[in-house]
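Below you'll find the structure, written out as C-alpha cells, and then a few comments.
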Amino acid sequence: MDSSEIRKKIKDLSAVRFKIEMEMIRELSRKNMLKGSVVKKYKACGKGGCKCTKGELHGPFYYLTYKEEGKTKMIFLRQDIWDISLKLNENYRTWRSKRAQISKINREILRLLDIMEKGSTVSLESIYGRKR
C-alpha cells in the first residue's frame with residue numbers, strides 16, 4: 091500500500107469517525123443512560139412444596155448489574171420501572187457501541203500511520219552515505 095492509498099484510507103476512516111462522534115454529540119448525549127446491564131432472572135424461593143422446587147421458577151425479575159471498585163453489584167428493579175430501565179440501559183449500550191466503533195477506527199488509523207512511519211524512516215547510513 092503506497093502513501094497516497096494510506097492517506098485516502100485515513101481520510102475515509104476519519105470521516106466515518108467524525109460522523110459517529112457527531113451522532114453521539116447530537117443525539118445520544120441528549121438521552122439519559124443507565125450504566126450497567128439490565129438482566130432478567132428467574133428464581134426459586136426455597137419453600138418446600140412450592141412449584142419452584144419442581145422447576146417452575148418465579149419471575150421474571152429484573153436486576154441492574156454493574157461494576158464498582160472491581161466488584162459486581164446487582165440491584166433489584168421494581169416492576170414499575172422495568173420499561174424505563176430497559177430503555178435507558180439500551181441508550182447506554184448504544185453509546186458504548188458507538189464508542190467501541192471509534193476505538194476500532196482509531197486503532198486502524200494508528201496502524202496505517204505506523205506503516206507510513208516505517209516507509210518514511212531512513213537509516214543513519216543513508217544520510218552519511220556509508221556505514222559508521
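Convert by adding 90 to the 1-based position in the sequence shown; the result is the number in the numbering used here. Even glycine gets a Cβ: it sits at the ideal position worked out from N, Cα and C.
Inset, instruction - Might you give, ordered along the chain, the residues of its own chain that have their beta carbon closer than 7 Å to the beta carbon of TRP172, omitting 5 neighbours on each side? - result: Counting from one through the sequence shown, the residue named residue 172 turns up at place 82. For TRP172, same chain residues with a beta-carbon under 7 Å away, outside a window of 5 residues either side, are TYR152 in chain order.
Inset, instruction - Give the C-beta separation of PRO150 and LYS130 to the nearest angstrom, bearing in mind that I take them to be a contact with Cβ-Cβ under 8 Å. - result: The residue labelled residue 150 in the question sits at position 60 within the sequence shown. The residue labelled residue 130 in the question sits at position 40 within the sequence shown. Contact flag correct, Cβ pair sits at about 5 Å.
Inset, instruction - Might you give, ordered along the chain, the residues of its own chain that have their beta carbon closer than 8 Å to the beta carbon of THR162, omitting 5 neighbours on each side? - result: As a first step, residue 162 is located in the sequence shown; it is residue number 72 there, counting from the start. Counting only residues of its own chain and dropping the five nearest sequence neighbours on each side, THR162 has a CB closer than 8 Å to the CB of THR155 and TYR156.
Inset, instruction - Keeping to the same chain, check which residues put their C-beta closer than 6 Å to that of CYS142; ignore five residues upstream and five downstream. - result: Locating residue 142 in the sequence shown gives position 52, counting from the first residue. Taken in chain order, the residues that qualify are ALA134, CYS135 and HIS148.
Legend entry - Contact check, MET91 vs TRP185, beta carbons under 8 Å: Counted from its first residue, the sequence shown places residue 91 at position 1. Counted from its first residue, the sequence shown places residue 185 at position 95. In this structure, the beta-carbon distance from MET91 to TRP185 does not fall below 8 Å.
Inset, instruction - Taking only the alpha-carbon atoms, compute the straight-line gap between GLN169 and SER175 and give it to the nearest angstrom. - result: Residue 169 sits at position 79 when you count from the first residue of the sequence shown. Residue 175 sits at position 85 when you count from the first residue of the sequence shown. Rounded to the nearest angstrom, the two C-alpha atoms are 10 Å apart.
Inset, instruction - Tell me, please, which residues DSSP counts as bridged to PHE166. - result: Translated into positions along the sequence shown, residue 166 becomes position 76. For PHE166, DSSP records a beta bridge to TYR153.
Legend entry - LYS125 (DSSP reduced to helix, strand or coil): Position 35 of the sequence shown, counted from the first residue, corresponds to residue 125. Three-state result, LYS125: coil.
Legend entry - Close-in-space but distant-in-sequence residues of the same chain around ILE205 (CB under 8 Å, 5 per side omitted): Reading the sequence shown from its first residue, position 115 is the one you call residue 205. Closer than 8 Å at Cβ, skipping near neighbours: MET91 and ILE96.
Inset, instruction - May I ask which residues mark the beginning and end of the alpha helix (DSSP H) holding LEU200? - result: Within the sequence shown, numbered from 1, the residue matching residue 200 stands at position 110. 172-210 is the extent of the alpha helix (DSSP H) around LEU200.
Inset, instruction - Answer with buried or exposed for LEU124, where buried requires no fewer than 16 other C-beta atoms within 10 angstroms of its C-beta. - result: The residue given as residue 124 occupies position 34 in the sequence shown. Per the 10 Å Cβ criterion, buried.
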